[in-house]
Amino acid sequence: MPRNKKGAKAKAITVEPKNPPKKPKVVEEWEAYFKKGDLQDWLRFMGDLGLRQDYSSITKCRKALKNVWVNIHDFLHAVKNNQKPRRFASQHELARYTLDSRKTYPKKNIPQGSPLRRLLAHIHQPSIGEKRLSKQEQQHEYQKQLAHALAIVEKEHRLKGAYTPESDEESLYLSSNGL
């Protein structure tokens, strides 16, 4: 410890700001929602996300969050209003929404062990951490989308009473070619 001119030990002085920086409201809301972060808190969180499996550990909960994309602001609002939270299909979709709505969560306020670490999306570079699809997976995905589009066209034609298999192919050809 440093000494003053007379040889006596100097007192340590600590300076604390009069008004420490206040946490953003969303951080306070999250902390109030998630509480201590024990298994019960995790199970409530999983249920509120709509994940209804039997999770026996926090590790299993964390693993289940791998492909869950939610905006934390919207999630907390939905829970508060007893509504189902909006889940996004991909990190890209969530990133676009988050940037457009400016509903971000401050990364520096995410404590170690929080599920927010798992839910954190790379909103400025959403391709980080996402699995790239192989050519075969891309083709399979395209075929699924095409089948879905065909089913929609078929349903529309049936509702109009003008359904024939040929009309489906013609409509799909016209719509896929921008006609």
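Start counting at 1 in the sequence shown, then tack on 4, and there's your number in the working numbering.
All C-beta atoms, glycine included, are put in the ideal place defined by N, C-alpha and C.
Count the other C-beta atoms from every protein chain shown that fall within 10 angstroms of the C-beta of residue i, then say buried if there are 16 or more, exposed otherwise.
i: Ala-71; result: It is Asn, not Ala, that sits at residue 71 in the sequence shown. Label assigned to Asn-71: exposed.
i: Leu-69; result: buried
i: Thr-102; result: buried
i: Ile-76; result: buried
i: Leu-150; result: exposed
i: Leu-80; result: buried
For residue i, collect the residues of the same chain with a Cβ closer than 7 Å to its Cβ; drop the 5 residues on either side in sequence, then sort them by chain order.
i: Lys-27; result: Asn-113
i: Ser-94; result: Trp-73
Determine the closest residue to residue i out of the options, with distance taken between C-alpha atoms.
i: Asn-85; options: Leu-98, Asp-52, Cys-65, Gln-95; result: Asp-52
i: Lys-64; options: Pro-25, Asn-75, Met-50, Pro-89; result: Met-50
i: Gln-44; options: Gln-149, His-161, Ser-60, Lys-159; result: Ser-60
i: Gly-41; options: Ala-153, Lys-159, Arg-121, Gln-129; result: Arg-121
i: Pro-119; options: Asn-23, Phe-38, Glu-33; result: Phe-38
i: Pro-78; options: Arg-66, Glu-35, Arg-91; result: Looking at the sequence provided, one finds Asp at residue 78 rather than Pro. With distances taken between Cα atoms, Asp-78 lies closest to Arg-91.
i: Glu-32; options: His-96, Asp-58, Pro-115; result: Pro-115
What residues in its chain sit with their C-beta under 8 Å from that of residue i, if we drop five residues either side in the sequence?
i: Ile-127; result: Leu-98, Ala-99, Thr-102, Leu-103, Thr-108
i: Pro-111; result: Looking at the sequence itself, residue 111 is Lys, so the reference to Pro does not match. Hits under 8 Å: Leu-124.
Would you mind giving the Cβ-Cβ distance between residue i and residue j, rounded to the nearest angstrom? I have them listed as a contact below 8 Å.
i: Trp-73; j: Ile-62; result: Not confirmed; about 20 Å, so no contact.
Apart from the five residues just before and just after residue i, which ones in its own chain have a Cβ nearer than 6 Å to its Cβ?
i: Ala-82; result: Pro-89
i: Glu-35; result: none
i: Leu-55; result: Ala-68
Item to check | Whole runs of the alpha helix (DSSP H) within the stretch 69-119, excluding any shorter than 4 residues | outcome: 76-84, 95-105
Item to check | Entirely enclosed alpha helix (DSSP H) segments - the stretch 17-56, minimum 4 residues | outcome: 29-38, 43-53
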